[in-house]
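Right, one structure below, let's go through it.
Protein chains: 2
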Amino acid sequence: MMRDGQSVIRILRDKIISGEFVAGERLAEIPTAERLGISRTPIRIAFRALAQEGLLEKLPRRGYQVRNVTKAQIVDSVEVRGVLEGLAARQAAEAGLSESTREQLHSCLVEGDKLFENGVLSEEDVENYQNMNMHFHATLIAASENSAIDAALALSDHLPFASANALTFNPLQLQVEYRRLHYAHMQHHAIYHALVNGQGARVEALMKEHAHATLAYSDLFDKKNGKTILKQP
Amino acid sequence: MMRDGQSVIRILRDKIISGEFVAGERLAEIPTAERLGISRTPIRIAFRALAQEGLLEKLPRRGYQVRNVTKAQIVDSVEVRGVLEGLAARQAAEAGLSESTREQLHSCLVEGDKLFENGVLSEEDVENYQNMNMHFHATLIAASENSAIDAALALSDHLPFASANALTFNPLQLQVEYRRLHYAHMQHHAIYHALVNGQGARVEALMKEHAHATLAYSDLFDKKNGKTILKQP
DNA sequence: TTCATTAACTTTGGATCCAATAATACCCGT
DNA sequence: ACGGGTATTATTGGATCCAAAGTTAATGAA
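Chains A and B, in that order, give the protein sequences.
Quick note on our numbering: the first sequence kicks off at 771 and runs consecutively.
Quick note on our numbering: the second sequence kicks off at 771 and runs consecutively.
Below, the structure written as structure tokens:
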């Protein structure tokens, strides 16, 4: 089959996050390798990497186990993401925004404004919002020019629900989505305003609070039989 | 030879940090494997892990390269460590200290007080201080009960100079050391005071500032020919 | 002499092999 | 039937093999 090494890690990570690998399930090399139709070598490397990311737990001589991600851990990750993005925003403000960064952030704001113009969101709008949102955050982190933040955030990026792009939406309630994303977007405006005016402390506080916007929805999820399900409202 | 896999990672990491592998040096699998007298498999795993830690950089088809750690990156790491430990301290304060945690922190303070009693430090004293310091920080982070902080800090632990135990000392100037470590110890007292009184915001600010105590000494270091040397004062 | 084309050599990454070891199953004695 | 000890199996982890791809070197023509 000869899949690329990195893609094996991604495939396994997806299977864990999506719940195809049930939390607590034991994962051995040989069955997993056969399931993907590749040899054990890339599986071994992937297992180690995923253990380092915190998605798997090593059992001595018994392979690995899918870690059960608790609600508390999600909240923890969001807090960590908040302080790190807050630090990035403050450093960006203190160093001063480059014109290119300012333009990119501004165009994110304009794009978002357009999405909320009609008072309703389509599913496509939500997807566009997510892309814009990721771009906004990535631009901001890059603007801090602090590589240590990158590295630290890369870890939590892989944790379910904690990452910026995991602003998962509930397709059943586009009206609720509208209000939540609109609130988040208004925060982007405030963050932008603080940034261009060099208000480091303010933007740091805003960014921490903004991270909590992700959290609102983790209430909708519950763990049942180790599998993540969507609670019916 | 059959060394344990984890130990291979540690050995290579030490060689990088100690400067035995010069920054910018290219590292290929086969020569490295021969040098350690083992096969390429554990080397490959170790290279990947060290790249994830940020100590190595992958060159496509050309193996890996020892990353040149710049002064700016050290400062960045310290900032990140500061906000993360600050978050840990705040969460510990907000949740309330357990009696056991309080006792452990207190005994660190008492131990430190004893070291500074005589007005001078021996090299042994400095070593004891470092152990106490690590214990203080580890206890505090554990008290936050936030596993995401652990994970994020683990990364920067491996970066030279950024970690809490890298309060490296200059044996030529024990008098300077006395003052610097004494200042850091006084900060520990303030942090303890804020913690037991549940002052979350204060302890967070103190902790961020405390991280900068590590930084004072990076001024003494300079990069020359890619190798870290001690600048003569 | 210089540039291009091709051949040889490096070097990585996956596949497979083998040894060490822990877990399990089995068997025999009580 | 039950328990202890031994044999078998399962499973990891390092070593080695092989193929794909890149880099360097060499040769030849302009």
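The beta-carbon is built from N, C-alpha and C at its ideal position, and this holds for glycine as well.
Note down, in chain order, every chain A residue with its Cβ under 7 angstroms from the Cβ of residue 824 of chain B.
921
Can you pull the chain B neighbours of residue 843 of chain A, defined as C-beta to C-beta under 9 angstroms?
916, 917, 918
Of the choices B:786, B:872, B:894, B:945, whose alpha-carbon is the least far from that of residue 907 of chain B?
B:872
Quick check on residue 847 of chain A - is its C-beta less than 7 angstroms from some C-beta in chain B?
yes
Check whether chain B comes within 7 angstroms of residue 853 of chain A, counting only Cβ atoms and requiring the distance to be less than that.
yes
Give a yes or no on contact between the segment 888-903 of chain A and the segment 849-869 of chain A, applying the rule of three or more CB pairs nearer than 8 angstroms.
no
Separation of residue 844 of chain B from residue 785 of chain B, as counted between CA atoms:
18 angstroms
Interface flag, residue 935 of chain B vs chain A, CB-CB below 7 angstroms
Only weak support is given to the placement of residue 935 of chain B: the predicted model assigns it a pLDDT of 45, under 50, and the value that follows is read from those uncertain coordinates. No, residue 935 of chain B lies away from the interface with chain A (no Cβ there is under 7 angstroms from its Cβ).
Going by DSSP in three states, residue 796 of chain A sits in which element: helix, strand or coil?
strand
Ordered along the chain, which non-local residues of its own chain (more than five positions away) have a Cβ less than 8 angstroms from that of residue 849 of chain B?
981
First and last residue of the alpha helix (DSSP H) that includes residue 833 of chain A?
Where residue 833 of chain A is concerned, there is no enclosing alpha helix (DSSP H), although the beta strand (DSSP E) it sits in stretches over 833-836.
In chain B, what lies closer than 8 angstroms to residue 850 of chain A by C-beta?
854, 857, 916, 918, 919, 922
Just to confirm before moving on: does the CB-CB distance between residue 778 of chain A and residue 812 of chain A stay below 7 angstroms?
yes
Per-residue contacts from residue 780 of chain B into chain A (C-beta, under 8 angstroms):
By Cβ distance, chain A contributes nothing, its closest Cβ being about 15 angstroms from residue 780 of chain B, past 8 angstroms.
Leaving out five residues on either side along the sequence, give the residues of the same chain with a beta carbon under 8 angstroms from the beta carbon of residue 868 of chain B.
913
Kindly give me the distance between the Cβ atoms of residue 799 of chain B and residue 810 of chain B, rounded to whole angstroms, as I take these residues to be in contact under 8 angstroms.
5 angstroms
DSSP state of residue 778 of chain A mapped onto helix, strand, coil:
helix
Looking at C-alpha atoms only, which residue of A:847, A:950, A:880, A:963 is the closest neighbour of residue 923 of chain A?
A:847
Would you please state the rounded distance, in angstroms, between the beta carbons of residue 958 of chain B and residue 879 of chain B? I believe it to be under 8 angstroms.
6 angstroms
By a C-beta neighbour count over all protein chains shown, 10 Å radius and 16 as the cutoff for buried, is residue 836 of chain A buried or exposed?
buried
Beta carbon proximity, residue 965 of chain B to chain A, threshold 7 angstroms
no
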